[in-house]
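Here the structure comes first, spelled out in C-alpha cells, and everything after it is commentary.
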Amino acid sequence: MEKLIETFFNGLSLGVIYALIALAFVLVYKATDILNFANGELVMFGAFLCYTFATLLKVNYVLSFLFAMGLGAIFGAI
C-alpha cells in the first residue's frame, strides 16, 4: 500500500510539471501565434541547474530549486 501511495504522488508531481510546461507553450503561442520551442530549452536549463546545485555543490534541494528558478528567469529575460 505504501508503494501505491508513493507511486501516486510521484505521478501526480510529474503530471503537474508537464502541465506547467504545456501552459508555458500555450501562453507563448496565444500571445504571438508562433510556436516557440525555446521554452523547452529553458526548462532543461533550469532542471540541469537544480541537479548541479543539489548534487555537485551539495545545496539543500529546496534552495537548489529556488536558485535554479531564479537563474532560469534571469536567463529567460536575457
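Residue numbers (numbering that gives the first Met the number 0): 0 to 77. Glycine included, each C-beta is placed from N, C-alpha and C at the ideal position. Since the structure is predicted, the reported quantities are computational estimates derived from the model, not experimental observations.
Burial state of residue i, where buried means 16 or more other Cβ atoms lie within 10 Å
| i | result |
| --- | --- |
| A67 | buried |
| G14 | exposed |
| S12 | exposed |
Rounded C-alpha distance that separates residue i from residue j
| i | j | result |
| --- | --- | --- |
| F52 | G39 | 20 Å |
| F36 | I16 | 17 Å |
| V61 | L55 | 15 Å |
| L90 | L22 | The structure shown does not extend to residue 90, since the chain spans only 0 to 77, so no value can be given for it. |
| F8 | F24 | 25 Å |
| V58 | F64 | 10 Å |
Nearest neighbour of residue i, chosen from the options [CA to CA]
| i | options | result |
| --- | --- | --- |
| L70 | C49, I20, L19 | C49 |
| L19 | K57, L41, N59, S63 | L41 |
| query | With a cut-off of 8 Å, do at least 3 Cβ pairs link the stretch 39-55 to the stretch 70-77? | reply | They touch, by the three-pair rule.
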